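Worksheet: the structure to be examined is printed underneath.
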Amino acid sequence: MDTLEKLAKKNKAQEKHRSSERFLTTVMMLVLIPFIFGIAIDVGVINSSDNFNLWLYGVGALGFGLPLAAMGDLMLFTRRLKLTGLMIAQGWFIYFWAFQAQFWLAFAPLVPVFVLLKIQMPKIKQKAECEKNRDMSGQS
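So the number in the numbering used here is just where the residue sits in the sequence shown, counting from 1, plus 36.
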């Protein structure tokens, strides 16, 4: 019976890892969505500002999306709320970076995300410490 319980725990942990991998894949695809808009603008499918540069756009998209995804991953919100916030922030970025050419305004969503992260930091550290203690006691 003990063997079956261990197997059930391993299966549950494996399913948790699979779910986490699917979520991270979805997040990375959302982070890369601005590139699709950039390519469409560069090809001429979508009209944008005259001084559009795909390389500059790509660097800006990564400079916005990767920190946003990293900070969002640490936050203590549900996955659905994190995905919704990421989609809204990416839409904001695409609109102001590609279509309005207001570069500083495009990066504005990073400020409230950073502030929220700083507010949640004590709880995040406490949760990480609890998980570390739980893992240490589970390994004994």
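Each residue gets a CB set at the ideal place from its N, CA and C atoms; glycine is no exception. Treat the numbers as computed from the prediction; the structure is a model and nothing was measured.
### Query
Just curious, the alpha helix (DSSP H) that Tyr93 is in, first and last residue?
Taking the first residue of the sequence shown as 1, we reach residue 93 at position 57. Where Tyr93 is concerned, the enclosing alpha helix (DSSP H) stretches over 90 to 110.
### Alpha-carbon spacing of Thr62 relative to Thr114, whole angstroms
Taking the first residue of the sequence shown as position 1, residue 62 is located at position 26. Taking the first residue of the sequence shown as position 1, residue 114 is located at position 78. Going by the C-alpha atoms only, they are around 15 Å apart.
### Task
Please look up how many angstroms separate the CB atoms of Phe71 and Gly108, rounded, as I've assumed it's under 8 Å.
For the purposes of this step, residue 71 is taken as the residue at position 35 of the sequence shown. For the purposes of this step, residue 108 is taken as the residue at position 72 of the sequence shown. In fact, because the Cβ distance is near 19 Å, the residues do not count as touching under 8 Å.
### Task
Measure the alpha-carbon distance for Leu122 versus Leu66 and round it to whole angstroms.
Here residue 122 refers to the residue found at position 86 when the sequence shown is read from its first residue. Here residue 66 refers to the residue found at position 30 when the sequence shown is read from its first residue. Taking the straight line from one Cα to the other gives about 7 Å.
#### Entry: Selected residue, minimal CA-CA separation from Leu146, among Gly101, Arg116, Ala137, Lys118
Sequence index remark: in the sequence shown, residue 146 carries index 110 (1-based). Taking the Cα of Leu146 as reference, the smallest distance to any Cα among Gly101, Arg116, Ala137, Lys118 is reached at Gly101.
### Message
Quick check: what's the CA-CA separation for Pro103 versus Trp133?
### Response
Counting from 1 along the sequence shown, the entry for residue 103 is found at position 67. Counting from 1 along the sequence shown, the entry for residue 133 is found at position 97. Inter-residue distance for Pro103 and Trp133 is about 16 Å (C-alpha atoms, whole angstroms).
### Message
Starting from Val63, trace the alpha helix (DSSP H) in both directions and tell me its first and last residue.
### Response
Within the sequence shown, numbered from 1, the residue matching residue 63 stands at position 27. Run containing Val63: 38 to 79, per the alpha helix (DSSP H) assignment.
### Message
Could you give the first and the last residue of the continuous alpha helix (DSSP H) run that contains Ile124?
### Response
Here residue 124 is taken as the residue at index 88 of the sequence shown, counted from 1. Per DSSP, Ile124 belongs to the alpha helix (DSSP H) from 115 to 130.
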